[in-house]
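*Asks:* Per this note's numbering, the sequence shown starts with residue 109, numbered consecutively. All C-beta atoms, glycine included, are put in the ideal place defined by N, C-alpha and C. As the structure is a computational prediction, the values presented were derived from the model and not from experiment.
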Amino acid sequence: MAKNIVEKIFEAHKAYGELKTGSPVGLRIDQVYTQDATGTMTWLQFEAIGVDRVKVPLAVSYIDHNMLQTDYMNPDDHKFLQTAAAKYGAYFSRPGNGICHQVHLEQFAAPGRVALGTDSHTPTGGGMGMIAIGVGGLDAATVMAGAPFELAIPKVVKINLTGKLNRPWVSAMDVILEILRRLTVKGGVGKIFEYGGTGVKDLNVPERAAITNMGAELGATTSIFPSDGRTKFYLKAVGRETDWVELKADDDAEYSEIIDIDLGAIEPMIAQPHSPDNVVTVKSLKGTKVDQICIGSCTNSSYQGLKAVATILKGKTVSEGITLLINPGSKQVYEMISREGLIADMIASGARMLEASCGPCIGMGGAPGSGQISVRSYNRNFQGRSGTKDAFVYLASPVSCAVFAIKGEIVDSRESGIKIGSFEEPSKYLINRSFIIPPLKAASDVKVIKGPNIKDVPVKEPLKDRIEAEVLLKAGDNITTDDIMPAGSKVLPFRSNIPKISEFVFSGIDATFSKRAKEAKEKGGCIIIGGENYGQGSSREHAAMAPMFLGLQAVLAKSFARIHKANLINFGILPLQFKNPADYEKAEKGDRLVIKDVINSLNGSQVYNIENITKGAAFEVVSDLNDRQREIILKGGLLPYMKK
Ligand code: MIC
Ligand code: SF4
Numbered sequence: 109m110a111k112n113i114v115e116k117i118f119e120a121h122k123a124y125g126e127l128k129t130g131s132p133v134g135l136r137i138d139q140v141y142t143q144d145a146t147g148t149m150t151w152l153q154f155e156a157i158g159v160d161r162v163k164v165p166l167a168v169s170y171i172d173h174n175m176l177q178t179d180y181m182n183p184d185d186h187k188f189l190q191t192a193a194a195k196y197g198a199y200f201s202r203p204g205n206g207i208c209h210q211v212h213l214e215q216f217a218a219p220g221r222v223a224l225g226t227d228s229h230t231p232t233g234g235g236m237g238m239i240a241i242g243v244g245g246l247d248a249a250t251v252m253a254g255a256p257f258e259l260a261i262p263k264v265v266k267i268n269l270t271g272k273l274n275r276p277w278v279s280a281m282d283v284i285l286e287i288l289r290r291l292t293v294k295g296g297v298g299k300i301f302e303y304g305g306t307g308v309k310d311l312n313v314p315e316r317a318a319i320t321n322m323g324a325e326l327g328a329t330t331s332i333f334p335s336d337g338r339t340k341f342y343l344k345a346v347g348r349e350t351d352w353v354e355l356k357a358d359d360d361a362e363y364s365e366i367i368d369i370d371l372g373a374i375e376p377m378i379a380q381p382h383s384p385d386n387v388v389t390v391k392s393l394k395g396t397k398v399d400q401i402c403i404g405s406c407t408n409s410s411y412q413g414l415k416a417v418a419t420i421l422k423g424k425t426v427s428e429g430i431t432l433l434i435n436p437g438s439k440q441v442y443e444m445i446s447r448e449g450l451i452a453d454m455i456a457s458g459a460r461m462l463e464a465s466c467g468p469c470i471g472m473g474g475a476p477g478s479g480q481i482s483v484r485s486y487n488r489n490f491q492g493r494s495g496t497k498d499a500f501v502y503l504a505s506p507v508s509c510a511v512f513a514i515k516g517e518i519v520d521s522r523e524s525g526i527k528i529g530s531f532e533e534p535s536k537y538l539i540n541r542s543f544i545i546p547p548l549k550a551a552s553d554v555k556v557i558k559g560p561n562i563k564d565v566p567v568k569e570p571l572k573d574r575i576e577a578e579v580l581l582k583a584g585d586n587i588t589t590d591d592i593m594p595a596g597s598k599v600l601p602f603r604s605n606i607p608k609i610s611e612f613v614f615s616g617i618d619a620t621f622s623k624r625a626k627e628a629k630e631k632g633g634c635i636i637i638g639g640e641n642y643g644q645g646s647s648r649e650h651a652a653m654a655p656m657f658l659g660l661q662a663v664l665a666k667s668f669a670r671i672h673k674a675n676l677i678n679f680g681i682l683p684l685q686f687k688n689p690a691d692y693e694k695a696e697k698g699d700r701l702v703i704k705d706v707i708n709s710l711n712g713s714q715v716y717n718i719e720n721i722t723k724g725a726a727f728e729v730v731s732d733l734n735d736r737q738r739e740i741i742l743k744g745g746l747l748p749y750m751k752k
């Protein structure tokens, strides 16, 4: 039978189950990587599972998020992660080496493999022809401890590319922005996007990776490109030609849907505040004044993106009203553009060079001023994520960003009068692996060092048969994990300390949430109500773990984002969907809800009756958990389940 690329890779990695849309399948995983903000919990959980060494062929621990060392907490986390990697058998990417996804693409990503990463932008590896999936830390820990990764098989949608990009004005970022415009942030839930068509060969690996990276914003499980001559060219240029294998879909391969995109018809695009799918053409916003520009992040900080930026900035000065910040994606890229003199051009133009880390993308410095407009070549512009609640963040390509930085306002690069040098993909990249420490062969005597901010992983009690809890918050559609568990310089350092970080749950929406949750915990705990796509965005399991610590029993929503739903289950919280979406109106903040017979409902029909005892109303909600997930919820989460 003819197969698409996704089916071929899944088939080669299947440990159990049936490869049928919707059915749970266990996959053998080739690579797992963590980053520091989610990694400390992942490695603590790995330790709690009690296995001596990682059981996957490759594990890498990156440091890239918590790089603002305003006190001892972040460097203590770095030391913990370095010693844990040494003890348990993972590569360690030192602080300064770069953003996990960019470094992984350069150093480890390989076609045909399956990788998990504790970060939602792990699909970057899809640009290399790899199935790369973002997961919560506990899922990664269990896989590193030897378990297969269980996934309900998503639908496979083909994105059929034709034509050629109108370079240098239009880039891969404009392609994914156009896809987001068409499909929205919910458009990819339950789907994998497989790219194909004659247009694929127009894109090189870093361009493909920018597209698969930001495919995360569609809510997709992942996105993938074929592995072809261009993949081989890139792998050879980064010194890893032996990792190449060809990967293509069979001629008659089937897809659940086909979406056509003509690359030649795409023009410079921009996402407006406060959602990556709020996309319009750059020219429609002509003349909008800008205060800040940020270029970099895991989406757009490849050599090629930054080279284009340097050619635009060369010999010019950043407009008077603008601050330009640049965070290159990896040390290798940083070193390469430095040696070629491109950094000199950036500095001369007035750009403020940051280290190779996430930086302003996650509010670790570089926040815009009050009410200011910031345009970024990043992937998320959720309100407040920049660190400034009333800022207006837009997303655009590195080329557009650099042009705006010079002009001081939004202008279509094609009409800006600025020349951009032509780009030829390098046949040899600078290679420097000095900041990647390989795992030790035997490590039993390594001592894992934990600073005082690193606290034990909290564990929930087994599921109760009767839940009576207060609705502490009622939210609308597309609530993000940044809303649930904010990041930024004040909160991120507490990622290793759940009691402390729980004080910030929902703090951007309701500053009293954590205090009220603690009071409600004494009286049975709390419930949250959400609309569509609840929990979109990051993979941070803290958005489940910290509310669990505060007594959250269940989330009632119209629909859930994939990773967050998995995280809720992993921490023993019931993800329940309104049977009739109109019942969303039948409960409000402050109401007390009762769910009786929870265990029977979970083990049986998975239909639960909710009584709103405050309003005297009743309605039904449902869950769609498979056998393993029901067991996990019954035990109070994946950690107690693993220890059964
Ligand atoms: C993000 O871009 O939101 C993050 C910060 O990289 C997160 C991970 C985290 O919260 O640590 C993600 O994308 O998963
Ligand atoms: Fe880092 Fe931003 Fe990429 Fe997340 S999206 S990994 S914060 S650069």
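Could I get the ranges of all uninterrupted alpha helix (DSSP H) runs contained in the region 551-596, with 4 residues as the minimum, in chain order?
*Replies:* You should have 589-592.
*Asks:* Considering only the alpha carbon of each residue, which of 599, 691 and 669 lies closest to residue 654?
*Replies:* Distance from the Cα of residue 654 is smallest, within the candidate group 599, 691 and 669, for 599.
*Asks:* In chain order, which alpha helix (DSSP H) runs of at least 4 residues are fully inside the region 395-482?
*Replies:* Whole alpha helix (DSSP H) segments, 4+ residues: 411-421, 439-447 and 450-457.
*Asks:* Among residues of its own chain, excluding the 5 on either side of residue 704, which ones have a beta-carbon nearer than 6 angstroms to its beta-carbon?
*Replies:* 574
*Asks:* Spatial neighbours of residue 422 within its chain, please: CB distance less than 6 angstroms, with the 5 preceding and 5 following residues excluded, ordered by chain position.
*Replies:* 453
*Asks:* Is the closest heavy atom of the ligand SF4 to the C-beta of residue 494 under 6 angstroms?
*Replies:* Answer for residue 494: no, Cβ out of range of the ligand SF4.
*Asks:* CB residue 189 to CB residue 169, shorter than 7 angstroms?
*Replies:* yes
*Asks:* How would the residue list near the ligand FAD read, in chain order, if you kept each one whose beta-carbon is closer than 5 angstroms to any heavy atom?
*Replies:* Absence of the ligand FAD from the depicted structure is noted, with the ligand MIC and the ligand SF4 being the only ligands included.
*Asks:* Quick check: what's the CA-CA separation for residue 330 versus residue 239?
*Replies:* When rounded, the distance between both Cα atoms is 7 angstroms.
*Asks:* In chain order, what residues of the same chain have a beta carbon less than 8 angstroms from the beta carbon of residue 312, not counting five sequence neighbours either side?
*Replies:* 338, 341, 342, 412 and 533
*Asks:* Which residues in the same chain have their Cβ closer than 6 angstroms to the Cβ of residue 326, if we skip the five residues on either side of it in sequence?
*Replies:* 291, 295 and 296
*Asks:* Kindly examine the ligand SF4 and report whether one of its heavy atoms sits closer than 6 angstroms to the Cβ of residue 406.
*Replies:* For the ligand SF4, at least one heavy atom lies less than 6 angstroms from the Cβ of residue 406.
*Asks:* Pick out whichever of 140, 711 and 166 has its Cα sitting closest to the Cα of residue 227.
*Replies:* 140
*Asks:* Buried or exposed: residue 455, going by 16 or more other Cβ atoms within 10 Å of its Cβ?
*Replies:* exposed
*Asks:* Let me know the secondary structure DSSP gives residue 251 once reduced to three states.
*Replies:* helix
*Asks:* Less than 6 angstroms between the CB of residue 207 and some heavy atom of the ligand SF4, yes or no?
*Replies:* yes
*Asks:* Assuming residue 372 and residue 272 form a contact by the criterion Cβ under 8 angstroms, report the distance between their Cβ atoms to the nearest whole angstrom.
*Replies:* 6 angstroms
*Asks:* Enumerate in chain order the residues of its own chain whose CB-to-CB distance from residue 229 is below 6 angstroms, with the five nearest sequence positions on each side excluded.
*Replies:* 209, 321, 324 and 406
*Asks:* Would you list the residues sitting across from residue 240 in a DSSP beta bridge?
*Replies:* 223
*Asks:* Taking only heavy atoms of the ligand SF4 into account, decide whether any of them is closer than 6 angstroms to the Cβ of residue 487.
*Replies:* yes
*Asks:* Is residue 466 a contact residue of the ligand SF4, with contact defined as CB to any heavy atom under 6 angstroms?
*Replies:* yes
*Asks:* When DSSP builds the beta bridges, which residues end up paired with residue 503?
*Replies:* 379 and 484
*Asks:* Please check the pair residue 699 and residue 727, which I expect to be a contact at CB under 8 angstroms, by giving their CB distance rounded to whole angstroms.
*Replies:* With 8 angstroms as the limit, residue 699 and residue 727 do not qualify as a contact, their Cβ atoms being about 12 angstroms apart.
*Asks:* Does the Cβ of residue 557 have 16 or more other Cβ atoms within 10 Å, making it buried, or fewer, making it exposed?
*Replies:* exposed
*Asks:* Roughly how many angstroms separate the alpha carbons of residue 555 and residue 620, rounded to a whole number?
*Replies:* 40 angstroms
*Asks:* Nearest to residue 755 by CA position, among 112, 623, 664 and 729, is which residue?
*Replies:* No answer is possible for residue 755: it lies beyond the span of the chain, which begins at 109 and ends at 752.
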